[in-house]
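Trainee: Heads up, the sequence shown is in numbering that gives the first Met the number 0, so the first residue is 0 and it goes up one at a time. Could you have a look at this structure, given as structure tokens, before my questions?
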Amino acid sequence: MSDAQEINYDYLGHVSARGWYANSSVTLVEVGIHLFMAIYGLSVFLETPKHFRKGRLPYIVVSFIITILTALSASLDGVWIFQHLFQATSGESFYDALLADDDSSWGRVLSLVAFTVVIFIGDALLVRQRSLSVITNLQI
Numbered sequence: 000m001s002d003a004q005e006i007n008y009d010y011l012g013h014v015s016a017r018g019w020y021a022n023s024s025v026t027l028v029e030v031g032i033h034l035f036m037a038i039y040g041l042s043v044f045l046e047t048p049k050h051f052r053k054g055r056l057p058y059i060v061v062s063f064i065i066t067i068l069t070a071l072s073a074s075l076d077g078v079w080i081f082q083h084l085f086q087a088t089s090g091e092s093f094y095d096a097l098l099a100d101d102d103s104s105w106g107r108v109l110s111l112v113a114f115t116v117v118i119f120i121g122d123a124l125l126v127r128q129r130s131l132s133v134i135t136n137l138q139i
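Dropping the structure here:
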């Protein structure tokens, strides 16, 4: 005798839908935090005397680029999951739609590219900052 249980795809689809929706909601909160931090950084930059601003403008520009790309990715992901949730008639149909989606639509590809660029920019800033601190420590 086999003790294997049958998979309830309707339940699995409902759980997947809740997870995707929660992820989309949390991502929108993340975009809000990005936006707040970018605007706050700009306001502090503009309040700083000119002689202290030297070399900080590129970081302000990069923070807005990261914010815009994060918002773009989150928006496109929100549209993608909304379309799947709106078209689903049951948990099983939602699960089937996710499995059938090949992720080759322009919105999905653009979302993934924008997210990848954000990761690349963030890593490049970290590597640049680490390299500068190592060089500074060697000259001491």
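Positions of the beta carbon are idealized from the N, C-alpha and C atoms, including for glycine.
If you run the structure through DSSP and keep just helix, strand and coil, what is residue 55?
Mentor: It is coil, neither helix nor strand.
Trainee: At which residues does the alpha helix (DSSP H) containing residue 37 begin and terminate?
Mentor: Note, residue 37: alpha helix (DSSP H), 8-46.
Trainee: Assess contact between the stretch 41-48 and the stretch 96-113, defined as three or more Cβ pairs (one per stretch) separated by less than 8 Å. Is contact present?
Mentor: They do not touch, by the three-pair rule.
Trainee: Taking the alpha carbon of residue 79 as the point to measure from, which residue in 70, 61, 106, 65 has its own alpha carbon closest?
Mentor: Comparing Cα-Cα distances from residue 79 to each of 70, 61, 106, 65, the minimum goes to 106.
Trainee: Tell me whether the beta-carbon of residue 144 lies closer than 8 Å to the beta-carbon of residue 30.
Mentor: The structure shown does not extend to residue 144, since the chain is modelled only from 0 to 139, so the question has no answer here.
Trainee: Can you give me the C-alpha to C-alpha distance between residue 8 and residue 83, rounded to a whole angstrom?
Mentor: If I take the Cα positions, the gap works out to 16 Å.
Trainee: Does DSSP put residue 88 in a helix, a strand or coil?
Mentor: Note: residue 88 maps to coil in three-state DSSP.
Trainee: Curious, which full-length alpha helix (DSSP H) runs of at least 4 residues does the stretch 65-112 contain?
Mentor: Qualifying alpha helix (DSSP H) stretches, in chain order: 90-99.
Trainee: How big is the Cα-Cα spacing for residue 17 and residue 59?
Mentor: The alpha-carbon atoms of residue 17 and residue 59 are separated by roughly 36 Å.
Trainee: Relative to the C-alpha of residue 92, which residue among 5, 4, 12 is closest?
Mentor: The shortest C-alpha separation from residue 92 is found at 12.
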